[in-house]
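Read the structure below first, then the notes.
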Amino acid sequence: MVTTDSYNDWQLPPKLARLKDIAYNLWWSWHPEARALFKEMDRTLWAETHHNPASLMRSCSPERLAQLAADAGFLSRVEAVISDFDAYMTTDQTWFAKSHPEMKGKSIGYFSAEFGVHNSLRIYSGGLGILAGDHCKSASDLGVPLVGVGFMYPEGYVVQKISSDGWQQNVYETVNWGVSPVRPVFNASGVRVVLDIPLGRGTIKVALWKVQVGRVPLYLMDTNVAGNSPLDREISGRLYGGDRSMRLRQEIILGIGGVRVLRALGVNPAV
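Following the working numbering, the numbering of the sequence shown begins with 10 at its first residue and continues without gaps.
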């Protein structure tokens, strides 16, 4: 289990520092000016990192970063994107706030087996994941107080290939958490949050990760935790992996565990 926050183990020049905050909020993925800004930093790396700003900036040479930090035109575009981002994140004049003032201070729980927000975080496989990801983006734009809950799969995205003898083969890609726009959740004392979730006659330990999708927080559960059996560690190991028994275990942890997660975080959804 990862116990450190990769957000903190790399730095940018001071004039570019705020780009890290934007890279770790998938808001950038549906805002063209932000995407264009990251692409401008290094077009080759942008392609090689599957359009992942966090990975791109970690891979940029110090010389290239210094060059960008001295480029007045680039810095002007950085300031414009930061201004848009800050205005987006801090406004209280959203559609939802104006249309449903009675919901002020309340939240809506949204549970899904997969979330396809962007291909830089491949914890999805198909239509359900893309739909869930789009719901998060739309909720963010509208100001709907959605709180997402899902799984942090190290193998969540499958590439289909055809073998030399004509058979379809599924090849799972392993997610590199160290360069992904996701952060482990720690408590106020700086200790990694790990919950005990009942399952059958025992309990499963579940660690938490957080992805920020605009205004919408998305919490992802991880059972690859010390203290769990090898079988229990596999619950969050692969999207739709294993047999019917494993799928049932995943559904129980998503449902019961998801509710426990929100309670532990002090979130009590109205819906």
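We treat Cβ as the ideally placed atom computed from N, Cα and C, and that holds for glycine. Only a predicted model underlies this, so the values are computations on that prediction, with no experimental measurement involved.
Residues of its chain near Cys145, where Cβ-Cβ distance is below 8 angstroms and the 5 sequence neighbours each way are ignored: Within the same chain, Tyr119, Phe124, Val126, Leu155, Gly157, Val222, Gly223, Val225, Leu227 come within 8 angstroms of Cys145 by CB-CB distance, once the 5 residues on both sides are set aside.
Reduced DSSP secondary structure (H/G/I, E/B, other) of Ala216: strand
Spatial distance of Val153 from Ser92 (CA atoms): When rounded, the distance between both Cα atoms is 22 angstroms.
Reduced DSSP secondary structure (H/G/I, E/B, other) of Ile132: coil
Element boundaries [alpha helix (DSSP H), containing Met255]: 253-261
Coarse secondary structure for Gly246, derived from DSSP in three states: coil
Continuous beta strand (DSSP E) assignments of at least 3 residues falling wholly in the segment 170-195: 177-183
Proximity below 8 angstroms, CB of Val215 to CB of Gly246: The criterion of a C-beta distance shorter than 8 angstroms is not satisfied by Val215 and Gly246.
Uninterrupted alpha helix (DSSP H) stretches inside the segment 53-122 (no shorter than 4 residues): 62-68, 71-78, 81-99, 104-108
Residues near Asn61 in its chain [Cβ-Cβ closer than 6 angstroms; skip 5 each side]: Ser129
Inter-residue CB distance, Leu217 and Val270 (contact presumed, cutoff 8 angstroms): 6 angstroms
Beta-bridge partners of Glu164, as assigned by DSSP: Thr183, Arg247
Continuous beta strand (DSSP E) stretch holding Ile31: start and end: Per DSSP, Ile31 belongs to no beta strand (DSSP E); it is in the alpha helix (DSSP H), 27-32.
Beta-bridge pairing of Pro207 - partner residues as DSSP gives them: Thr212
Cβ-based burial, Trp36 [other Cβ within 10 Å; buried from 16]: So Trp36 counts as buried.
Environment of Thr99 [buried if 16+ CB atoms lie within 10 Å]: Flag for Thr99 reads exposed.
Cβ pair count under 8 angstroms reaching 3, the segment 242-262 against the segment 131-142: They touch, by the three-pair rule.
Close Cβ partners of Arg1 (< 8 angstroms) along its chain, the five nearest in sequence each way excluded: The question about residue 1 has no answer here: the residues shown for the chain are numbered 10 through 280.
Pro23: first and last residue of the uninterrupted beta strand (DSSP E) it sits in: Per DSSP, Pro23 is not a residue of any beta strand (DSSP E), being assigned neither H nor E.
Cβ pair Arg67, Val220 closer than 8 angstroms: No, the pair does not count as a contact, with Cβ atoms beyond the cut-off.
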